[in-house]
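For the record, the sequence lines run as chains B and C.
Numbering-wise (our numbering), the first sequence opens with residue 964 and increments by one.
Numbering-wise (our numbering), the second sequence opens with residue 24 and increments by one.
Heads up, the beta-carbon is just placed ideally off N, CA and C, and yes, glycines get one too.
Everything numeric in this text was worked out from a predicted model, so none of it was measured.
First comes the structure, then the notes that go with it.
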Amino acid sequence: MQDKLNQDVTIEPGVEMSQYYLSHLKELESEAIYVIREVVAQFENPALLFSGGKDSIVLAYLSRKAFHPAKIPFPLVHIDTGHNFPETMEYRDWLVNELGVRLVVGSVQESIDKGRAKEETGWNASRNALQTVTLLDTIEKNKFDAAMGGARRDEEKARAKERFFSHRDEFGQWDPKNQRPELWNLFNGKKHQGEHFRVFPISNWTEMDVWQYIHMENIPIPKLYYSHEREVIVRDGAILSTSPWLKLKPDEVPTKKIVRFRTCGDMPITGAVESDADTIEKIIAEVAASRKTERGTRADDKRSETAMEDRKKSGYF
Amino acid sequence: MTNQLLRFTTAGSVDDGKSTLIGRLLYDSKSIFEDQLEAVEASSAKKGFDYVDLSLLTDGLKSEREQGITIDVAYRYFATPKRKFIIADTPGHIQYTRNMVTGASTANLALILIDARKGLVEQTFRHSFIASLLKIPHIIVCVNKMDLVDYDEAVYEKIVEEYKGFSSRLEVSDIQFVPISALAGDNVVNRSENMTWYEGATLLHMLESVHIESDHNHIDSRFPVQYVVRPHSKEYHDFRGYAGRVAGGIFRPGDDVVVMPSGFSSKIKTIEFGNEKLEEAFAPMSVTITLEDEIDISRGDIIAKPNNHPKADQDIDLMICWMNQRPVNLNTKFYLRHTTREVKAVLKEIQYKLDINSLEKLDNAEQLQMNDIARIKLRTAQPLLFDSYRKNRITGSVILVDEGTNETVAAGMIV
Ligand SMILES: Nc1nc2c(ncn2[C@@H]2O[C@H](COP(=O)(O)OP(=O)(O)O)[C@@H](O)[C@H]2O)c(=O)[nH]1
């Protein structure tokens, strides 16, 4: 895998530089790095929530840039649902090694075994909602006072109002009516004992920005995002990968399709799209032409029009 | 991939058509996804509308939907082949000055909506004043609902004249006007066929072409140190880099610099970003600077030039917007955050409050209430390294944080 950070390069001041303005991607990059550095400066024990998805990958990569040549001064935290795509796990372990960073795993299975969380039942059962319990437990156990995540405001209506520095009470809850105003780039990370913050350095990025950035920086991503052949079923219009956790209904017969994933979450509920985009360029072209939001392929948001907001309030990412 | 980013804020009083306008911009620039549109079509039908209510696209949180008003700042994104846009969507409701101030703080441009039937109203003055107070460099005044006044040129011209008369008292150099119908789409993205008398550009065209290259200060070099990078590794044993975001001017390797507040001088050795070595850095670039000499520098210090550095003082004059439910009295203490520095500060004097509708100064104020705009004096525990807000929006802005609740209670612009 090629990776720009492994080469030493000198950038000649080009046309763009001598005009003293940045392209939108460079400006977003600079903003995100500013936020990440601010977190390390303002908090004692921050962490980066790493889901294995492209947004948190970009975040990890930005973190490396922010502190180079020093190592990233905080751990990656993976909330492991136990229902991961094998490709996600393989990538995670490669990245942790590549970055030389500490990995903290919070296990949803463990939360279930301890009776802290209750497994859902039924055809569309998912462990997405259970992540909240494990996440909050992991934050508490490791005494993290700031958890950075790769959420973007363009993903969903409720996220459009999120701050960069999002204050959470002792119960990890978000109160959308009582958010601190956030002005200029002056971030207020002050808190009382037991409270913590969620911080979203790429708040202002869109899905397109993330892909363009991955392209510009040559960032390796899990194979799931590229077109491949996979055994799937089609349920309620969603293309789902077969896996040990997907219970088949009597009339469901797995078939092979050429697909890729636009997000990588909990395996039994993350929908694939039929696609032959096998390069970043093709993915960008596909995203540009696409008429569905990426969350539109996630079964969990469809449950109700305000599903995301309800989960956010209770402490979800 | 090299388009610029334009951040703008929207202001208007309730029902002037702000949500519809934003919906229209997103819709006509094809930034709306099929599933979002389906959801809005379904909601419109459920409400018994015979048209698709584009304002529902920007509808926010559940509680707001129940109340039928927007209560906070929400951010929206769209792109055209020329630019990427970030909209800070702020409410027009009278008691929410603080939200507009919040949205305006990072904006290059403000869209101010006026209902063509109503003309200039109290909120128009208020919002324009806030835009000028926050030094938003560009304003576009959208005269909306032109369809309801028969697309009459005279109505438009009268509003433009009135606005020009009033805005001559404000400090905004770049003001443009456009007659639109957000509902029907006239002059938003597509040229209106109903207003052939209008020869100017469409709103989107204005947004795509307004000159934003000079919005940052590229003259007065300022580099607030955010974090000191010390790898403690064998390979980079002696490496000591100062990480931060350029707040003004241009820095190049070899430049003579002075570090405030210590006053030590040195030369820039390298400017680094990741493992790239840069030839120069300017606002708003995040970089890491290394110096030729080993001097003691920490977070909150500012790297500047020997002949051009920020002021250092403990007595600060500011315009502030009070943003908290609880009023504030003289001698109240706060944490003050400015660039990457935090100091304690005390409210020494309220010189006057400003009536933001008449711009009249009200003397003898002892207390500030939510949404008040006032000129004050603060005394800080250590010197602040600052410029006037007029000179630099980054090194001239502060927030005040309540010592007990930790809430952000005020936004301040250094005079
Ligand atoms: N006729 C007409 N109605 C409009 C126009 N723009 C908005 N409206 C209507 O005015 C009402 C208020 O619009 P909305 O966008 O919700 O206003 P907001 O409170 O400023 O966000 C709605 O019923 C809109 O359909 C316009 O250009 N022409």
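Chain B residues whose Cβ lies nearer than 7 Å to that of residue i
i: Ile109(C); result: Asn1167
i: Ser42(C); result: Near Ser42(C) there are no residues of chain B at all, since even the closest Cβ is about 13 Å away, more than 7 Å.
i: Thr454(C); result: Residue coverage of chain C in this structure runs from 24 to 438, which leaves residue 454(C) outside it and unanswerable.
i: Val252(C); result: Phe1030, Ala1033
Proximal residues of chain C, C-beta to C-beta of residue i below 8 Å
i: Glu1145(B); result: Thr125, Thr431
i: Lys1028(B); result: Phe296, Gly297
i: Leu1022(B); result: Correct list: empty, because the minimum Cβ distance to chain C is about 15 Å.
i: Met1171(B); result: Ala102
Outcome for residue i when other beta-carbon atoms lying within 10 angstroms are tallied against a minimum of 16
i: Glu430(C); result: buried
i: Thr1242(B); result: exposed
i: Arg1000(B); result: buried
i: Gly272(C); result: buried
i: Gly83(C); result: Only weak support is given to the placement of Gly83(C): the predicted model assigns it a pLDDT of 49, under 50, and the value that follows is read from those uncertain coordinates. By the neighbour-count rule (16 or more Cβ atoms within 10 Å), Gly83(C) is buried.
i: Gln982(B); result: exposed
i: Gly35(C); result: buried
i: Val978(B); result: Here the model assigns Val978(B) a pLDDT of 37, short of 50, so the residue's position is not dependable, and the following value carries that caveat. Under this definition Val978(B) is an exposed residue.
i: Gly435(C); result: buried
i: Glu992(B); result: buried
i: Thr43(C); result: buried
i: Gln908(B); result: Beyond the ends of chain B as shown, which are 964 and 1280, falls residue 908(B); an answer cannot be given.
i: Phe1163(B); result: buried
i: Arg1258(B); result: Only weak support is given to the placement of Arg1258(B): the predicted model assigns it a pLDDT of 49, under 50, and the value that follows is read from those uncertain coordinates. Buried.
i: Gly91(C); result: Low confidence applies to Gly91(C): its pLDDT is 45, below 50, so where it sits in the model is not reliable enough to give any reading.
i: Ser86(C); result: Low per-residue confidence applies at Ser86(C): pLDDT is 48, beneath 50, and the placement is therefore not dependable enough to give any value.
i: Met964(B); result: Confidence at Met964(B) is low in this model, with a pLDDT of 40, below 50, so the placement of that residue is unreliable and no value is reported for it.
i: His1159(B); result: buried
Distance cut-off 7 Å: residue i Cβ against heavy atoms of ligand 1
i: Asp261(C); result: no
i: Ala97(C); result: no
i: Gly142(C); result: no
i: Ala1123(B); result: no
i: Val172(C); result: no
i: Ser204(C); result: yes
i: Val37(C); result: yes
i: Ala130(C); result: no
i: Lys70(C); result: no
i: Ala207(C); result: yes
i: Lys290(C); result: no
i: Gly126(C); result: no
i: Ala1097(B); result: The displayed chain sequence assigns Thr, not Ala, to residue 1097(B). It does not: the Cβ of Thr1097(B) is nowhere closer than 7 Å to a heavy atom of ligand 1.
i: Gly40(C); result: yes
i: Asn122(C); result: no
i: Ser67(C); result: no
i: Thr1044(B); result: no
i: Asn167(C); result: yes
Partner residues on chain C for residue i, Cβ-Cβ distance less than 7 Å
i: His1031(B); result: Gly297, Asn298
i: Lys1245(B); result: None at all; the shortest Cβ gap to chain C is about 16 Å.
i: Ala1123(B); result: Gly83, Ala97, Tyr98, Arg99
i: Ser993(B); result: Arg268, Pro307, Met308, Ser309
i: Asp1117(B); result: Tyr100
i: His987(B); result: Asn26, Gln27, Leu28, Lys107
Chain-ordered chain B contacts of residue i [CB-CB under 9 Å]
i: Pro284(C); result: Simply none; closest approach about 18 Å.
Beta-carbon neighbours of residue i, restricted to chain C and to distances below 9 Å
i: Glu1073(B); result: By Cβ distance, chain C contributes nothing, its closest Cβ being about 33 Å from Glu1073(B), past 9 Å.
i: Met1230(B); result: Near Met1230(B) there are no residues of chain C at all, since even the closest Cβ is about 22 Å away, more than 9 Å.
i: Glu1007(B); result: Result: empty, since nearest Cβ-Cβ is about 14 Å, beyond 9 Å.
Beta-carbon neighbours of residue i, restricted to chain A and to distances below 8 Å
i: His1155(B); result: Absent here is chain A; the protein component of the structure consists of chains B and C.
Chain B contact residues for residue i, given Cβ-Cβ distances below 8 Å
i: Met393(C); result: None at all; the shortest Cβ gap to chain B is about 11 Å.
Is it a yes or a no for the segment 1022-1041 of chain B touching the segment 1117-1135 of chain B, going by three-plus beta-carbon pairs under 8 Å? Result no; under three Cβ-Cβ pairs closer than 8 Å.
At least three beta-carbon pairs within less than 8 Å, the segment 333-343 of chain C to the segment 299-312 of chain C: As far as the Cβ criterion goes, the segment 333-343 of chain C does not touch the segment 299-312 of chain C, which means the pair count is below three.
Is the segment 40-48 of chain C touching the segment 208-225 of chain C in the sense that three or more CB pairs, one from each, lie closer than 8 Å? Yes, the segment 208-225 of chain C is in contact with the segment 40-48 of chain C.
Which whole runs of the beta strand (DSSP E) in the segment 193-259 of chain C are 3 residues long or more, in chain order? DSSP runs (the beta strand (DSSP E)) wholly in the segment 193-259 of chain C: 197-202, 245-252.
Does the segment 258-276 of chain C come within contact of the segment 176-195 of chain C, defined as at least 3 CB pairs closer than 8 Å? Contact check between the segment 258-276 of chain C and the segment 176-195 of chain C: fewer than three CB pairs, one atom from each, fall below 8 Å, which does not count as touching.
Run through the segment 296-344 of chain C for me and flag every whole alpha helix (DSSP H) of 4 or more residues, listed as ranges in chain order. Segments of the alpha helix (DSSP H) lying fully in the segment 296-344 of chain C: there are none.
How about the segment 317-324 of chain C and the segment 338-347 of chain C: do they share at least three Cβ pairs that are nearer than 8 Å? At 8 Å Cβ cutoff, the stretches do not touch.
Enumerate, from N- to C-terminal direction, the unbroken beta strand (DSSP E) stretches of 3 or more residues contained entirely within the segment 1118-1173 of chain B. List check, beta strand (DSSP E) in window: 1128-1131, 1159-1162.
Sufficient close CB pairs (3 or more, under 8 Å) joining the segment 362-380 of chain C to the segment 406-421 of chain C: Counting Cβ pairs under 8 Å, three or more are found: they touch.
Per the contact definition of three or more C-beta pairs closer than 8 Å, is the segment 1041-1051 of chain B in contact with the segment 1003-1022 of chain B? Segment contact: the segment 1003-1022 of chain B against the segment 1041-1051 of chain B, three or more CB-CB distances shorter than 8 Å; contact assigned.
Check whether the segment 1185-1198 of chain B and the segment 1050-1065 of chain B touch, using three or more Cβ-Cβ pairs below 8 Å as the test. As far as the Cβ criterion goes, the segment 1185-1198 of chain B touches the segment 1050-1065 of chain B, which means the pair count is three or higher.
Which runs of the alpha helix (DSSP H), 4 residues or longer, sit entirely within the segment 969-1054 of chain B? Complete alpha helix (DSSP H) runs here, min 4: 978-981, 987-1005, 1017-1030.
Indicate whether the contact test is met: 3 or more Cβ pairs, each with one atom in the segment 395-406 of chain C and one in the segment 213-232 of chain C, closer than 8 Å. The segment 395-406 of chain C makes no contact with the segment 213-232 of chain C; the number of CB pairs closer than 8 Å stays below 3.
Going residue by residue through the segment 396-421 of chain C, where are the continuous beta strand (DSSP E) segments of at least 3 residues, counting only ones entirely within it? Fully enclosed beta strand (DSSP E) runs of 3 or longer: 396-409.
Could you tell me whether the segment 1101-1119 of chain B touches the segment 1163-1180 of chain B, using the rule of 3 or more Cβ pairs below 8 Å? Touching, yes.
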